[in-house]
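**Student:** Once you've had a glance at the structure underneath, I'll fire off some questions.
Pasting the structure below:
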């Protein structure tokens, strides 16, 4: 075998292609003509996320050079070892174990979904057949074709290798599904002719023998269901005339979550690993037995050596001796254009002479005297040695002239052999288990240093030795000599050829696989200068989600700070989980459930239930269970952070500068800082307003109030009015506007107000608080000014009550965060000003959730967190989508809404059709409950698209989640009309409203009722 390494440079970007040549009959000298031999070019690791493909490549190399290990596998797949051995003597392999080294670096740095190279181009979309074409029926951003065909070093180097070898077989191994593809990828058909038909027959045979008829077989463009443009397989067929070009898809976990790329593209257990590696390694040898029957291959092999009409030009490279590396230009490179011109000239000459032999390589140059230029090849050789040689080893017979043959290994003691495999299997199981634990990966990154933060050179992706030259390689058990013609091209990179064979003994321990990732830190700082890749201030829903995904999915080093747990937030108290979990959505929903039983007991009598004595509420017991649940959830959030590898620091965080956070006197630094501190309740200022409680306090009230005044008309005020009314309190809802729930649909607002009044809630609209006093008996005296809607005059009214609750909105929690010191810009409303990607004016500082002036909803904060992690760590800048977000008010009755209100739709679309239905739910018909339900659809007349959907009534939140999906997907009224409803249910009303209640035409100012 011979290990060749070639590097190509384009500006500040470079990539290296390592090619292993295996010629079982003995290595031919450089420049030799491979005519008369079957030639296979096998490519692995084209997409970094598909780790299993490179594992198969290394396994193939091992068995190519070890007949003892090869024989059992061949027999298992019904191949005669002696027949395969005979074919191997007439075959030359060029194996690329990992084409996309730069993409693999990204994957090992935590970007587990990466299929691109180091600068964001897919190497398998950078070839010149149908390059850059975009399909209109799928997202073109998924293609990443580069700036021009062969603009990327990976594709240009691979092309040069293919032209040199003139292969009969091109096989590119991928994962993601199980398939055997041939051209075409860019159209849904296979080529015409006998050669293509023979290739298809080979694929079908491989499907039967290797894939047990599970693999999709045929044209890649037809079988996959989408067309891929600029692929290597199409280029090999159409331009280089390779007789058998193939793409192998060897594995895919279709049950994996779409963001769990490690599981989707790679087997996670030893049995699953073996079930992939063994058959697909055997497939290489099966292919070898089928190749002589291919008519094009058979015809060429029958010609005399040196007169074969091969597939490629044989030109090794442009310029001089053909081994140098040309620098790429801005759009694919002048060097590549020169190669193309030379290729065309050589092809014309070959057509005239009938000769397609390899171009002779230059025999002069530095000859490999400098050990430093051979370092990486030595690393590759060391990794290969571990695959080619077992612990006991055995010197491989060598021929003179530096070309050595792969030999057989001596038999070892059976007991030692079994012990070796037992230890190896056990170690693999343990490694898989540990690697599946994000906490283990986090601790390992702390010990060794995150791959994203390493500034010193590490091992190349295939593993092996550190860079110590030939002496170090010899000490590790390798004998390496520079091949004739080995040289360096000073203009653009390096090319180095070494002939390496294993010595008598191999190193007993295998080195870990690792890479270097040169991730920039921004603002001129190096990543290694920081304690964290991301530090989050605030462990609420958004902050926890962003931290967990950054650490657990992308492998970033993440820290988060939060104040100690307390149900009531303050400058010194908070807790992991934030407002929603600890003092908002979750405890409030528990209060909603508790408040609904009183009405349920009453309704039950209408259905014949005799409850006997009046039910009573153990309020103290309920509060104890509620608080126990909050403590449980707080612990769950802490464990989620811990298990994802996030470092949790208890204390208040404050920005010191763009990269520094002070947490209780301890300073930490981070490449990126995320502010996710949420919002706080706002209390209006009036005489005695300090006596008001807020929603935090309401969730901790020690007994159900006999009477309560609630200030505000937003969803929090309306929800707590429904809660306390359901618990039996006398409720006064005081609001300065004419209707509660500003921003909701006007008809919904009116209907909800009517239902609340019907339920016994006293609505004091157009009312402003004036004074709050506490009497000697401890009760409160609340005074307000109320405006008469008809006369415009104001009048005072007084209410005595147990509590006054201020639910007058929330303000971003930015107090004492050091935002001004860090230079972070704020909005006029006091929120953190962010762009569409959640980034502030300070590039290293980001903000999500209620601390910004966007939608103050927990699911929205989670969505913003996901978009932010993809932007920062996933290499996919993603804007959060705030359109058509379904929301619910857990009032009594519930309110659900998605899309536009009637007023907004009329303003935006001009012509709309409104469909409404108001009815008494079936459950209320015999219970005596007076509650009614309202359902409403708003349709844009011209497009028939449903642009708004609203409901007031029982189960509105649950029903609206389904309608939210439909509206988000652009459902039309016609599609709803053709949907069969579930009967009897309230939800079916949305698909049975046939005639519009009113048609509004803005331009004509016409309303038809």
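Numbering (the UniProt record's numbering), first residue to last: 1 to 1009.
The C-beta atom is built at its ideal place from N, Cα and C for all residues, glycine as well.
Take residue 593 as the anchor and find which of 954, 44, 733 and 980 has the nearest alpha-carbon.
**Tutor:** It is 954 whose Cα lies nearest to the Cα of residue 593.
**Student:** In angstroms, rounded to a whole number, what distance separates the CA positions of residue 1076 and residue 863?
**Tutor:** Missing from the structure shown is residue 1076; the chain here goes from 1 to 1009 and no further.
**Student:** To which residues of the same chain is residue 694 closer than 8 Å at the C-beta, ignoring the five residues directly before and after it?
**Tutor:** Around residue 694: 681, 683, 805, 806 and 807.
**Student:** Can you list, in chain order, the residues of its chain with a C-beta nearer than 8 Å to that of residue 719? Leave out the 5 residues immediately preceding and following it.
**Tutor:** Correct list, in chain order: 588, 592, 889, 890 and 891.
**Student:** Which of the three DSSP states is assigned to residue 682 in this structure?
**Tutor:** Of the three classes helix, strand and coil, the one that applies to residue 682 here is coil, per DSSP.
**Student:** Please name the residue, chosen from 186, 834, 824 and 177, that lies closest to residue 128 on a Cα-to-Cα basis.
**Tutor:** Nearest option by C-alpha distance: 186.
**Student:** For residue 852, which residues of its own chain have a beta-carbon under 6 Å away from its beta-carbon, when the five flanking residues on both sides are left out?
**Tutor:** Only 831, 832 and 834 meet the Cβ criterion.
**Student:** If you draw a straight line from the C-alpha of residue 709 to the C-alpha of residue 845, how long is it?
**Tutor:** So the two alpha carbons sit approximately 41 Å from each other.
**Student:** Just mark residue 24 as buried or exposed, buried being the case when its beta carbon has 16 or more other beta carbons within 10 Å.
**Tutor:** Buried, by the Cβ-count rule.
**Student:** May I ask you to report which of helix, strand or coil DSSP gives residue 959?
**Tutor:** Helix.
**Student:** Fully enclosed by the segment 718-755, which beta strand (DSSP E) runs are 3 residues long or longer?
**Tutor:** With a minimum length of 3 residues, the continuous beta strand (DSSP E) runs that stay inside the segment 718-755 are 730-734.
**Student:** Which of helix, strand or coil does DSSP assign to residue 179?
**Tutor:** DSSP places residue 179 in strand when its eight states are reduced to three.
**Student:** Less than 8 Å between the beta carbons of residue 544 and residue 551, yes or no?
**Tutor:** No. Outside cutoff.
**Student:** Do you know how far the Cα of residue 150 is from the Cα of residue 156?
**Tutor:** Rounded to whole angstroms, residue 156 to residue 150 spans 5 Å at the Cα level.
**Student:** Suppose you measure from the CA of residue 303 to the CA of residue 37; what does that come to, to the nearest Å?
**Tutor:** When rounded, the distance between both Cα atoms is 11 Å.
**Student:** Evaluate residue 989 with the Cβ neighbour count: other Cβ atoms within 10 Å of its Cβ, from every protein chain shown; 16 or more gives buried, anything less gives exposed.
**Tutor:** Classification of residue 989: buried, given that the 10 Å Cβ count is 16 or more.
**Student:** For my contact list, residue 938 and residue 900 are in at a C-beta cut-off of 8 Å; report their separation, rounded to the angstrom.
**Tutor:** Indeed they touch by this definition, with Cβ atoms about 6 Å apart.
**Student:** Below 8 Å between beta carbons: does that hold for residue 658 and residue 532?
**Tutor:** The answer is no: Cβ separation not under 8 Å.
**Student:** Does residue 173 pass the burial test, meaning 16 or more other C-beta atoms within 10 Å, or should it be called exposed?
**Tutor:** With 16 or more Cβ atoms within 10 Å of its Cβ, residue 173 is classed as buried.
**Student:** Just to confirm the assignment, what range does the beta strand (DSSP E) spanning residue 917 have?
**Tutor:** Run containing residue 917: 911-919, per the beta strand (DSSP E) assignment.
**Student:** Taking the runs of the beta strand (DSSP E) that are 3 residues or longer, which of them lie wholly in the segment 527-604?
**Tutor:** DSSP runs (the beta strand (DSSP E)) wholly in the segment 527-604: 532-537 and 558-562.
**Student:** With a Cβ-Cβ cutoff of 8 Å, do residue 296 and residue 195 count as a contact?
**Tutor:** Yes, they are a contact pair.
**Student:** By DSSP, does residue 824 sit in helix, in strand, or in coil?
**Tutor:** Reduced to three states, the DSSP call for residue 824 is coil.
**Student:** Any Cβ of chain C within less than 8 Å of the Cβ of residue 39?
**Tutor:** In the structure shown, chain C cannot be found, because there is only a single protein chain.
**Student:** In whole angstroms, what is the alpha-carbon distance linking residue 618 and residue 828?
**Tutor:** Rounded to the nearest angstrom, the two C-alpha atoms are 46 Å apart.
**Student:** According to DSSP, simplified to helix, strand and coil, what is residue 619?
**Tutor:** Residue 619 falls in the helix class under three-state DSSP.
**Student:** What is the DSSP secondary structure of residue 797, counted as helix, strand or coil?
**Tutor:** DSSP places residue 797 in strand when its eight states are reduced to three.
**Student:** By the three-class DSSP mapping on this structure, what secondary structure does residue 964 have?
**Tutor:** In the structure shown, residue 964 sits in a helix (DSSP, three-state: H, G or I).
**Student:** Can the beta-carbon of residue 814 be found closer than 8 Å to that of residue 857?
**Tutor:** Not a contact, by the Cβ cut-off of 8 Å.
**Student:** With DSSP as the reference, please indicate the residues paired to residue 11 in a beta bridge.
**Tutor:** Its beta-bridge partners do not exist; DSSP assigns none.
**Student:** Going by DSSP, name the residue or residues bridged to residue 950.
**Tutor:** Answer is 897 and 936.
**Student:** Leaving out five residues before and five after residue 604 in sequence, what residues of the same chain have Cβ atoms less than 7 Å from its Cβ?
**Tutor:** 611.
**Student:** Tell me the residue span of the alpha helix (DSSP H) that contains residue 924.
**Tutor:** Note, residue 924: alpha helix (DSSP H), 922-925.
**Student:** Whole angstroms is fine: what's the gap from residue 847's alpha carbon to residue 912's?
**Tutor:** Rounded to whole angstroms, residue 847 to residue 912 spans 37 Å at the Cα level.
**Student:** State the start and end residues of the unbroken beta strand (DSSP E) segment that holds residue 666.
**Tutor:** It spans 666-675 - the beta strand (DSSP E) in which residue 666 sits, taken as one unbroken run.
**Student:** Kindly confirm or deny that the segment 77-97 and the segment 32-47 touch, where touching means at least three C-beta pairs closer than 8 Å.
**Tutor:** Short answer: they touch.
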